[in-house]
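Trainee:
Residue numbers (the UniProt record's numbering), protein chains in the order written: chain G, 1 to 268; chain Y, 1 to 403.
In structure tokens:
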């Protein structure tokens, strides 16, 4: 079969589209045959229980983790040629915080693809990095060694590195895990502003209570794709029940998607 | 002493100068690649590499000896050493990738078995009828005395090439060391970069065999980066500093060894490197032991003094001896523990500031998270006078019993 055959107009416009993506550890699929087309300009949450393969799906799409099968396209072209269009904010626990690097060094790493080997980081690069830092409200910390920051500040620094890349798509792995409320608010602001600029955001998210406030699209995942689409259509009790396999209580569900009776009355 | 001075000033003859320059370049290359390997947390791999050179070295010696009667032919020996180091490296990688053993266990196994094989081969050589056997011990602890000019040139040129290669690859190395996952999203093949890093490390080890010997060459790749870490928090600056320190160690060690016939170069280079390390460890103003200790004592005093003043303001009893001593020394309390006039004023100020800080934290929780304050920073250093005035206007009246 011609692999490019699935590249429809929708796929060609999407900053990240995956088809038939499977990842397995020791013959146990952790992500199984997932199809997903990220709507351009959307802010999409990937939601699912622990071990549902949310991070793995993204890592495999970006080539960090090896994929067993599947095709990944960025604007219709193979992702390997298009890596400069994607910025990635990793989970904080994958970093050595004693590394000899200051905040500005980390942010400037977002310029990696713009610098050739004979070039040194010049003032113009520094200014670019400082601009990103200012957008996340961290410019006062530029000279600080990264280990001396709080968890929320560290998260903002990595967001600033992603901003420096000026990528069409920003992928974030649990950006709100272990950060304080003020940081969460600040990060959401930055992300919403990015969307207003027409960029796309794809975000592993574990807090069901904020999905409606923060995101416009959602991908419900539990090894397989359960449902995907606009939040109002897809983030329903039935889909959540299917995703979490009955692990959510009725009380939790009611709080999340609203009282079905009240919702029905609202829509009338 | 005079010989050493002449060696230091490059006036001890062409050969010695050439050897010195070669060792400096080698030290610089070792410091640079060592920094990246250290940041990648794989420093011990260099130990495995260096010990794995011995069988190749010995085999090359035997072959060259059978061929032309004298085993000492540097390019051949280096090639043999490189080949067996590559096999050792491959063994470490395979064992740690294919089995459940960690890299440290793999290193231990490979290091000892390769070295053992090398030692056996050396005893074989000792029973053979080839000349130049004495030259082989030079590869164990390093010997630059009596090095040929062509050999020194080879070492210097190779070291220069390595320096250039490391410079070209510095940003890829750094990215992979810091955040390998991010590096992959940037289209960097981490496997290839890791392999290049280890190959360059191997090249430094092999070229340095003649200078520091295979037992001590590890120090060339570990001590300078660790020393550099004491002086900077920035990644590429640390690499550059490690290069300078490595070059300095090479310079000092080689010149010292030329003072007297028979002084081994390797131990002297390592000792020079270690002295630089000790000096940094003790005296670095940022991460050195003394500076850390002093900073800790200063901070402790500030906390004690502050708590003492707050206790005075709240008319609580003070039991801590250090607190009492500090308050007395500042003239804030009398011998019998009663607050003096300046003491009362300082206590009022401290309490006032404490109340301002807590009000600020209450009214502006988001900003307070951004600010750096440990409760000890004077509020005027963080907030503008206007902001402080606004806060003071909002201060609730003092509770009963306050002054």
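Where a beta carbon is used, it is the ideal one built from N, C-alpha and C, also for glycine.
Thinking C-beta only, is residue 218 of chain G closer than 8 Å to residue 38 of chain G?
Mentor: No, these two residues do not count as a Cβ contact at 8 Å.
Trainee: Could you tell me whether any Cβ in chain G is nearer than 8 Å to the Cβ of residue 12 of chain Y?
Mentor: For residue 12 of chain Y, the answer is no, since every Cβ of chain G falls outside 8 Å of its Cβ.
Trainee: Check whether the Cβ of residue 238 of chain Y lies closer than 8 Å to any Cβ atom in chain G.
Mentor: Yes, its Cβ sits closer than 8 Å to a Cβ of chain G.
Trainee: Buried or exposed, going by whether 16 or more other CB atoms sit within 10 Å of the CB of residue 14 of chain Y?
Mentor: Result: exposed.
Trainee: DSSP on residue 272 of chain G, reduced to helix/strand/coil?
Mentor: Residue 272 of chain G is absent from the model: chain G starts at 1 and stops at 268.
Trainee: Are there 16 or more other CB atoms within 10 angstroms of the CB of residue 178 of chain Y, so buried, or fewer, so exposed?
Mentor: It counts as buried.
Trainee: Using the beta-carbon count (16 or more within 10 Å), is residue 19 of chain Y buried or exposed?
Mentor: Flag for residue 19 of chain Y reads buried.
Trainee: Would you say residue 244 of chain G and residue 78 of chain G are within 8 Å of each other, going by their C-beta atoms?
Mentor: Not closer than 8 Å, so no.
Trainee: Check for me: the alpha helix (DSSP H) holding residue 176 of chain Y runs from which residue to which?
Mentor: Per DSSP, residue 176 of chain Y belongs to the alpha helix (DSSP H) from 170-178.
Trainee: Run through chain Y and tell me which residues come within less than 9 Å of residue 25 of chain G, C-beta to C-beta.
Mentor: Here the premise fails: no neighbours, minimum Cβ distance about 15 Å.
Trainee: Of all the residues that make up the stretch 57-77 of chain G, which are near chain Y by a beta-carbon distance shorter than 8 Å?
Mentor: Of all residues in the stretch 57-77 of chain G, 59, 62, 63, 64 have a Cβ within less than 8 Å of some Cβ in chain Y.
Trainee: Helix, strand or coil for residue 50 of chain G? Go by DSSP, reduced to three states.
Mentor: Reduced to three states, the DSSP call for residue 50 of chain G is coil.
Trainee: Pull up the DSSP beta-bridge partners for residue 171 of chain G, would you.
Mentor: In the DSSP output, where bridge partners are listed per residue, residue 171 of chain G has G:88, G:202.
Trainee: For chain Y, is any of its Cβ atoms less than 8 Å away from the one on residue 265 of chain G?
Mentor: For residue 265 of chain G, the predicted model reports a pLDDT of 48, less than 50, meaning its position is unreliable; a value from the coordinates is still stated below. No, residue 265 of chain G lies away from the interface with chain Y (no Cβ there is under 8 Å from its Cβ).
Trainee: For the stretch 155-188 of chain Y, list every residue whose C-beta sits within 7 Å of some C-beta in chain G, in sequence order.
Mentor: The stretch 155-188 of chain Y vs chain G, Cβ under 7 Å: 168, 171, 175, 178, 179, 181, 182, 184, 185, 186, 187.
Trainee: Do three or more CB pairs link the stretch 253-268 of chain Y to the stretch 83-98 of chain Y at distances below 8 Å?
Mentor: In short, these stretches do not touch, since the Cβ pair count stays below three.
Trainee: Just to confirm, is the Cβ distance from residue 234 of chain Y to residue 100 of chain G under 8 Å?
Mentor: Yes; because the gap between Cβ atoms is below 8 Å, this pair is in contact.
Trainee: Can you find at least 3 beta carbon pairs, one from the stretch 199-216 of chain G and one from the stretch 165-182 of chain G, that sit closer than 8 Å?
Mentor: Short answer: they touch.
Trainee: Can you check whether the C-beta of residue 235 of chain Y is within less than 8 Å of a C-beta belonging to chain G?
Mentor: Taking Cβ atoms only, chain G reaches closer than 8 Å to residue 235 of chain Y, which makes this a yes.
Trainee: To which residues of the same chain is residue 10 of chain G closer than 7 Å at the C-beta, ignoring the five residues directly before and after it?
Mentor: So the list reads 37, once near-sequence residues are dropped.
Trainee: Can you check DSSP and say which residues form a bridge with residue 78 of chain G?
Mentor: In DSSP, residue 78 of chain G forms a bridge with G:73.
Trainee: With 7 Å as the C-beta to C-beta threshold (strictly closer), list the residues of the stretch 97-131 of chain G near chain Y in chain order.
Mentor: Listed by position, the residues of the stretch 97-131 of chain G near chain Y (Cβ gap below 7 Å) are 99, 100, 101, 102, 105, 109, 112, 113, 115, 117.
Trainee: Three or more C-beta pairs under 8 Å: does that hold for the stretch 84-91 of chain G against the stretch 126-138 of chain G?
Mentor: These segments do not touch.
Trainee: Quick check on the DSSP output: the beta strand (DSSP E) that includes residue 217 of chain G runs from which residue to which?
Mentor: First-last of the beta strand (DSSP E) with residue 217 of chain G: 217-222.
Trainee: Output needed in chain order: residues of the stretch 139-156 of chain G with a Cβ under 8 Å from some Cβ in chain Y.
Mentor: Those residues of the stretch 139-156 of chain G that come within reach of chain Y (Cβ to Cβ, closer than 8 Å) are 140, 145, 150, 152.
Trainee: Please say whether residue 65 of chain Y and residue 71 of chain Y have beta carbons closer to each other than 8 Å?
Mentor: Yes. Within cutoff.
Trainee: Which partner residues of residue 230 of chain G appear in the DSSP bridge assignment?
Mentor: Bridge partners of residue 230 of chain G: G:217.
Trainee: Taking the straight line between their C-alpha atoms, what separation do you get for residue 267 of chain Y and residue 104 of chain G?
Mentor: Using only the alpha carbons, I get a separation of about 40 Å.
Trainee: Can you name the residues of chain Y whose CB is closer than 7 Å to the CB of residue 83 of chain G?
Mentor: Here the neighbours are 185, 186, 187.
Trainee: Can you name the residues of chain G whose CB is closer than 9 Å to the CB of residue 39 of chain Y?
Mentor: Per Cβ cutoff of 9 Å: 96, 99, 100.
Trainee: Determine, for residue 298 of chain Y, whether the minimum Cβ-Cβ distance to residues of chain G falls below 8 Å.
Mentor: Output row for residue 298 of chain Y: interface = no.
Trainee: If the criterion is Cβ atoms closer than 8 Å, does the pair residue 190 of chain Y and residue 176 of chain Y meet it?
Mentor: Taking 8 Å as the Cβ cut-off, residue 190 of chain Y and residue 176 of chain Y qualify as a contacting pair.
Trainee: Could you work out which residues of chain G lie near residue 404 of chain Y, taking near to mean beta carbons separated by less than 9 Å?
Mentor: The structure shown does not extend to residue 404 of chain Y, since chain Y is modelled only from 1 through 403, so no value can be given for it.
Trainee: Kindly say whether residue 88 of chain G, judged by its beta-carbon, lies nearer than 8 Å to any beta-carbon of chain Y.
Mentor: Yes - at least one Cβ of chain Y is within 8 Å of the one on residue 88 of chain G.
Trainee: Going by beta carbon distance, what residues of the same chain come within less than 6 Å of residue 220 of chain G, once the five residues before and after it are set aside?
Mentor: So the list reads 47, 226, 227, 239, 243, once near-sequence residues are dropped.
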